[in-house]
Amino acid sequence: MQLLKVKHKFSEWSCPSPFSHTCLCNLVEMFAAEENVDFRIHVENQTRARDDVSRKQLRLYQLYSRTSGKHIQVLGRRISAKGEDGDKYAQLLVETDTFGSQVRIKGKETDFYLCMNRKGKLVGKPDGTSKECVFIEKVLENNYTALMSAKYSGWYVGFTKKGRPRKGPKTRENQQDVHFMKRYPKGQVEIQKPFKYTTVTKRTKRIRPTNPS
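In the numbering used here, the protein residues as written are 337 to 549.
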């Protein structure tokens, strides 16, 4: 709105000199840049904000750790990456929080949420409303998924080769320790309806019977 007002005033004014014309042009550019920055910040804030209005999606799958070769387990307050394929503690209910990028992860068997505390330790909590239990899902170029804490930027969910949790401050996006692959639980197959082609027959012109004269 400010930019439109300035442009309107600019069209009404008569430019007495080249100097004043340059000043007015600089003023218009300044307002335009300010509005673009404000809009970009607004979009970023809305993307990161929790979305409590739109419908949330709930999915069930396992998270396979690239380093341990096992699956993440939510064992009550304890977290590990030692679960075999189909293990009941490795079945995770993943709730999409906003725009498909922010998620909350809950163990189906224990009803405890995967969270990261202020020390960067992975813990299980019965209440997942805290921002410590929200993670930003990143799909990497190698097709693996990384989970960054929404509260502690730059800290990732990660595990050692023995399936022990790594502390957030010691993790980086390019480390294999933070790379995971989504897998459906053993015996569960994604339901997909095959695309069916409909055959269309060419219509022929119907000839009306002629009445005998």
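No residue lacks a Cβ here, since even glycine has one placed at the ideal position from N, Cα and C. Small disclaimer: the values here were computed from a predicted structure and weren't measured.
query	result
Measure the alpha-carbon distance for Asn-453 versus Val-459 and round it to whole angstroms.	7 Å
Closer than 6 Å by C-beta to Ala-512: which residues in its own chain qualify, once you throw out the five before and the five after it? Chain order, please.	Going by the sequence as given, residue 512 is Gln instead of Ala. Arg-402, Thr-403, listed in sequence order.
Residue range of the beta strand (DSSP E) that Thr-481 falls in?	481–485
Below 8 Å between beta carbons: does that hold for Tyr-425 and Gln-438?	no
Step through the CB atoms of chain C and report whether any lies within less than 8 Å of the CB of Gly-405.	Given the protein chain composition of this structure (a single chain), no chain C is represented.
Quick check on Val-379: buried or exposed, where buried means 16 or more other Cβ atoms within 10 Å of its Cβ?	Here Val-379 scores only 43 on pLDDT, less than 50, and its place in the model should not be relied on; the value that follows carries that caveat. Exposed, since its Cβ has fewer than 16 Cβ neighbours within 10 Å.
Spatial neighbours of Glu-468 within its chain, please: C-beta separation below 7 Å, excluding the five flanking residues on both sides.	Cys-451, Met-452, Asn-453, Lys-487
Can you round the beta-carbon distance between Arg-413 and Phe-448 to whole angstroms, since I take them to be within the 8 Å contact cut?	7 Å
Is the distance from the Cβ of Tyr-520 to the Cβ of Gly-504 below 8 Å?	no
Output yes or no for whether 8 Å exceeds the beta carbon distance between Asp-421 and Lys-497.	no
Since Ala-426 is in the beta strand (DSSP E), which residue starts that stretch and which ends it?	Premise fails: Ala-426 is in no beta strand (DSSP E) and is neither H nor E.
How is Gly-504 classed by DSSP in three states: helix, strand or coil?	helix
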